[in-house]
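Chains as they are written, first to last, in the working numbering: chain A, 1 to 340; chain B, 1001 to 1340; chain C, 2001 to 2340; chain D, 3001 to 3340.
Glycine included, each C-beta is placed from N, C-alpha and C at the ideal position.
The structure presented is a predicted model; accordingly, all values stated were derived computationally and were not measured.
4 protein chains.
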Amino acid sequence: MIVVLKSNTPREKTQQLIDEIKSQYSGVACHCNEGTQVTIIGLVGDTSHVDMDSILAHQDIVERVTRVQEPYKMVNRKFHPQNTVITLDNGLQIGGTQVVVMAGPCSVESEEQIIEVATKVKASGAHILRGGAFKPRTSPYAFQGLRAEGVELLLKAKEATGLPIVSEVMSAAQIPLFKDVDIIQVGARNMQNFELLKELGRLKKPILLKRGLSSTIEEWLMSAEYIMAGGNERVILCERGIRTYETFTRNTLDISAVPILKHLTHLPVIVDPSHGTGITWLVEPMAKSSIVAGADGLMIEVHNNPERALSDGAQSLKPETFDGIMTSLRRYAQVEGRTL
Amino acid sequence: MIVVLKSNTPREKTQQLIDEIKSQYSGVACHCNEGTQVTIIGLVGDTSHVDMDSILAHQDIVERVTRVQEPYKMVNRKFHPQNTVITLDNGLQIGGTQVVVMAGPCSVESEEQIIEVATKVKASGAHILRGGAFKPRTSPYAFQGLRAEGVELLLKAKEATGLPIVSEVMSAAQIPLFKDVDIIQVGARNMQNFELLKELGRLKKPILLKRGLSSTIEEWLMSAEYIMAGGNERVILCERGIRTYETFTRNTLDISAVPILKHLTHLPVIVDPSHGTGITWLVEPMAKSSIVAGADGLMIEVHNNPERALSDGAQSLKPETFDGIMTSLRRYAQVEGRTL
Amino acid sequence: MIVVLKSNTPREKTQQLIDEIKSQYSGVACHCNEGTQVTIIGLVGDTSHVDMDSILAHQDIVERVTRVQEPYKMVNRKFHPQNTVITLDNGLQIGGTQVVVMAGPCSVESEEQIIEVATKVKASGAHILRGGAFKPRTSPYAFQGLRAEGVELLLKAKEATGLPIVSEVMSAAQIPLFKDVDIIQVGARNMQNFELLKELGRLKKPILLKRGLSSTIEEWLMSAEYIMAGGNERVILCERGIRTYETFTRNTLDISAVPILKHLTHLPVIVDPSHGTGITWLVEPMAKSSIVAGADGLMIEVHNNPERALSDGAQSLKPETFDGIMTSLRRYAQVEGRTL
Amino acid sequence: MIVVLKSNTPREKTQQLIDEIKSQYSGVACHCNEGTQVTIIGLVGDTSHVDMDSILAHQDIVERVTRVQEPYKMVNRKFHPQNTVITLDNGLQIGGTQVVVMAGPCSVESEEQIIEVATKVKASGAHILRGGAFKPRTSPYAFQGLRAEGVELLLKAKEATGLPIVSEVMSAAQIPLFKDVDIIQVGARNMQNFELLKELGRLKKPILLKRGLSSTIEEWLMSAEYIMAGGNERVILCERGIRTYETFTRNTLDISAVPILKHLTHLPVIVDPSHGTGITWLVEPMAKSSIVAGADGLMIEVHNNPERALSDGAQSLKPETFDGIMTSLRRYAQVEGRTL
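See below:
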């Protein structure tokens, strides 16, 4: 971390700041470089715990503070060079050589629906069933999910098909309901719901952490760090598009996030082209691009009857379309030396 | 709401869609206009409950869906032309003729600190004491607030000074601790924490709802609608800057949101220039602009010793600076025919 | 185009507006749908010439105007279903089955440099030499390019290697210098330099139009429409990243723009992962993703000595790295059934 | 400027880089601070000419480069503490104590129109007549302005009313037509049309430089630096809204840019609330806010018949509305100790 002081900062004030930093953060050393125009303090050692804001708070003498090292530690590939591979109860590995596909409806709507979709996506080769029981909806008047009943139906579909399941949690109070859910999803709107992240950090269950609507990659990794710092090392990152001024798509899918994350962190990275674009005919090309960019998996919305879907029907694929896409994706996984 | 159908949509499919909409949403009428190139269905009546996505889900025949009426109802000024005025227990009114100032530290840090700041901002004319007990921090290693103890210290400062208090809640589980807090704040990162909003909708306490980091005005109003739909009509909106590509400021304070909100909704609107800019010397000009743009109040960070602040020291004013600003702001309130 | 009128608009004012539209735009018919709450006018026929703003200008009666059809016509795939294939003088086709690679330094710096790079990228299989003679630089103190001399050196490199060349023009006055340049590039900052676009519309030479820093896809296509409307049908679109709040990369490369453009327009689409990310190690994964997403070509910065580059050294590949990437890219082109 | 080297950079490579920087930029000194984990080179002296990219180009050894000093010099208030005041031929001063109002139609449409509007805005107290002769339009099919004839009509209006005029130039070739125009405007889309900026730098005429659609404040100041570096010190900056994801307004007017610019530069700053919002009823509150935030002037669109305006009718005020706003604005100028 580099602290640039204002010109004409008296030497004693500089020393005071250095003393303060040293006393507050053991393991951090300060190197001071006094120039004629500008004085620079370089903080070295483990600066992940140093609060940039608290240094900036010395408004009278501090001009600027810049991080040199990443503010995250447990998610950082530098300190954990090998890929994290997450193994589910049925032996499925996420982050390994296989490209993992999670497919299913936006919302669980009925037993028939979820079992039908589960059966079909399994037949097409999907590895995990997705389905929303608790639904974050912009409008209080929109369908809010079947909630506890939705989780039960998912478990029935799991029993019927053997597919592990992933579903979104929206508050700490709901966590007990997810006891038999294989992967707990944190939605984009809750990426910085820190109280929820802390609770999930206490579990041993895999957490799928979606990128916030307009979060930077660093903020996203800091949210993953919350979960890991709590003791849960099984975090999967899911790119789902960011908010831009573009209105043609629902979001702008940031494919470059995939190789960037693979560079910065050891955690598995998957992509959700359904939410990332909001348009069915963009799912295939974006899924292909994601695999080629290095993604460890995909999350794709499939509904047995999109026209009747209670949410996100416009971006849900029909099972037969999904089947065709799976065949196509397998070729791209192969080129990457992976299976799917 | 206007539904544009794809060209060559067979008449019977059009009729099917109309029948479906009618059966699903009582009180909504459909007018169909068949053109040579394009067929348009106009939905009239109360369309606030109509889910645009569920219509878009008819991917085969629907080209585009556009709202004509706002998707919110209870917060809508059209259905509630008079300003909502929120009266606190001590008689202070928010949304009335007075411009209300909420001031205090980012975080409650100790009894001495909060009482000193409370006493000073009261002396300068602040009406409400702000202070964070639960702090949403990007890093798990940063100070997370004194939590329950912080709320207790705020209540002591309230007792000592008579100032009503506002503080942020971060999860439903914390709500009982806020029993004696006058206004509960929902932070930007929780603006779409719908489970929390639903819980707050069950209270009778005023809720200060901050704008999400990158939320549109419509999404923000929909979040206020969540609280009102739950039964709590005492919502205050707080503009606190949005995320843009600009890096000079922490956020880009959207002053235009003030007159827009006053136009669209009857709820009180306040502005937080401290978070909105992140820079102390921008607080005064932005506070003045906000008043002149029609804001009903301001939220300003003041710390007795910004250099030692455990959070947001860089944007916190010293009490004497705050005092000078209050004198200046009074003149602008006067020009607007308001008191402060 | 759909015009939604304000409630209570008198029938005669509605008729007046309809008469006005009809008299101004021949070939446009108006269908009026009077509802109890809202009146809607549907404009059908060729509405590409209808100015939305001029209708919105009827502030007293118009609530909202929405386009149903695209505002562009000549670039629209609906009216020109087949792919446009652009053939250069040497027979090279852009937009055909071959994925075309344009490679070279950001700036032309000397005869030795450009000929060395040209020779090397040709050996690696690049089809076109890129090189900047006129350089748009944020700072007036930064290297501005060799200008006319730079174009001459490019022509020497073309002569030496036989590679067609692409270079950026920055004003209409420079066009004569580009007489022997094979493809004229319009940079992101000039995407809406309409006077320049009009001049380029008078040429018969291929124009490579980069996406503006923060332009929507529709605005970009409208700029292409400027060139085509002037009579020059040889336009190539180049995605080069958009501006977002993310600071890790120079821009956010929008890979989804590729399949969207292939859907909306018949023009060839290429991608520039060098500018799109600003980071050398992201060039390969983003280039692969682009091919798989359907791109017709790539533009990649290669410099014989990036450390000494007068511009964009940080994102320029060394020739040997480029060579390895080309080998890799060929496999992805093959999977797509294309050559490279 | 601070250069952070990668860990394990050999000392001789560090020295090589330092030698290179010193030889390339006379007047720049380098202070090197070798830490155990990280080595930092601090560049002091006049670093405005130092190209960050060229240092970043040393990809093997450079981790990060951060500016400490601003990259602009002539526009920098640090080197020119007093406000620049621009005096027009008729004695009107921009940047002085008076808040200057530029009003008029988006486009010049006819002699009657421009003279009528000019007469009316003058009667209401406007100081300068605005009017577009060359119009940058997204669509090639939209009205492109009366061009040379438009300039002539503006000059007639100037003669008839005595009002100085401001009008937009779109290319260097048009400059001779602006000989008698008092202020030449550079539109948002041309803010980084560097060839045009260089030409305008050779004039002695005031240049009104609008902020680019999504430009940072620093980029904007760098464009002003282009003009000043060319020798023309008479630059006026005009905030006109930036592009965000918000769709309610045409742009998001960044009022905070006003005090920021007044802090960073000595140049006059004005605000265009008409383009900045695109909505007539937002012009007044945003104009008031701008004055209070420290703006030196305003640019407001007024049309004698907005419904018939050939461009921007939806955001143009009627003369009588403008008259009322002027009365209101005078009170705010007074509070600021300025005239209007």
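Distance from the Cα of A:D53 is smallest, within the candidate group B:Q1082, B:R1308, B:V1117, for B:R1308. Secondary structure note for B:S1167: its beta strand (DSSP E) is the uninterrupted segment 1165 to 1169. B:G1095 carries a coil assignment under DSSP once its states are collapsed to helix, strand and coil.
Excluding sequence positions up to five before and after C:A2287, its CB lies within less than 8 Å of the CB of V2271, P2273, L2298, I2300, I2325, L2329, all in the same chain and listed in chain order. Around the Cβ of D:W3220, a 10 Å sphere holds 16 or more other Cβ atoms; the residue is buried.
At a cut-off of 9 Å between beta carbons, B:F1143 makes no contact with chain D. Interface annotation, B:A1118: not in contact with chain A, CB-CB separation never under 9 Å. Uninterrupted alpha helix (DSSP H) stretches at least 4 residues long and entirely within the stretch 2009 to 2065 of chain C occur at 2011 to 2024, 2052 to 2056, given in chain order.
At a cut-off of 9 Å between beta-carbon atoms, B:Y1025 makes no contact with chain D. Chain B places no beta carbon closer than 9 Å to that of C:G2241, leaving this residue out of the contacts. DSSP lists A:T265 as the beta-bridge partner residues of A:N76. Residue contact with chain C for B:T1244: present (Cβ-Cβ distance below 9 Å to some residue of chain C). A residue is called buried when at least 16 other Cβ atoms come within 10 angstroms of its Cβ; B:T1039 meets this threshold and is buried. At least one C-beta of chain A is nearer than 9 Å to the C-beta of C:E2218.
Taking C-beta atoms as the reference points, D:I3086 and D:R3234 count as a pair closer than 9 Å.
Only residues of its own chain outside the window of five on either side were considered, and among them G1095, H1266 have a CB closer than 7 Å to the CB of B:N1083, listed in chain order. DSSP links A:A103 through a beta bridge to A:L129, A:I300. C:T2327 and C:A2333 have their alpha carbons spaced roughly 10 Å apart.
Residues of the stretch 1205 to 1233 of chain B with a Cβ closer than 8 Å to any Cβ of chain D, in chain order: S1214, T1216, I1217, E1218. Residue contact check for D:R3250 against chain A: no CB pair falls below 9 Å.
In the three-state scheme derived from DSSP, where H, G and I count as helix and E and B as strand, D:I3270 is classed as strand.
With 16 or more other Cβ atoms inside 10 Å of its own Cβ, D:G3187 counts as buried. The beta carbon of C:L2146 is closer than 8 Å to those of S2107, V2108, E2109, A2133, L2153 in its chain, skipping five residues each way along the sequence. In terms of beta-carbon proximity, A:K198 lines the interface with chain B, with at least one pair separated by less than 9 Å.
D:H3058 and C:A2123 have their C-alpha atoms spaced approximately 25 Å apart. According to the DSSP assignment, D:V3186 belongs to no alpha helix (DSSP H) but to the beta strand (DSSP E) extending over 3183 to 3186. Under a criterion of Cβ atoms nearer than 9 Å, no residue of chain B is adjacent to C:V2062; the nearest Cβ is some 12 Å distant. Taking 9 Å as the CB threshold, D:M3191 stays off the interface with chain B. Annotation for D:I3227: the continuous alpha helix (DSSP H) segment containing it runs 3217 to 3229. In the structure shown, A:L146 adopts coil according to DSSP, grouped into three states. When secondary structure is reduced to three states using DSSP, C:E2307 falls in the helix class.
For B:R1137, the C-beta contacts it makes with chain A under 8 Å involve F194, in order along the chain.
For B:S1048, same chain residues with a beta-carbon under 6 Å away, outside a window of 5 residues either side, are P1071, K1073 in chain order. For C:E2239, the beta-bridge partners assigned by DSSP are C:V2271. In this model, B:S1167 and B:I1255 are separated by some 23 Å (Cα to Cα). Around C:I2279, the same chain offers T2249, R2250, A2314, Q2315 as residues with beta carbons nearer than 8 Å, after the five sequence neighbours per side are excluded.
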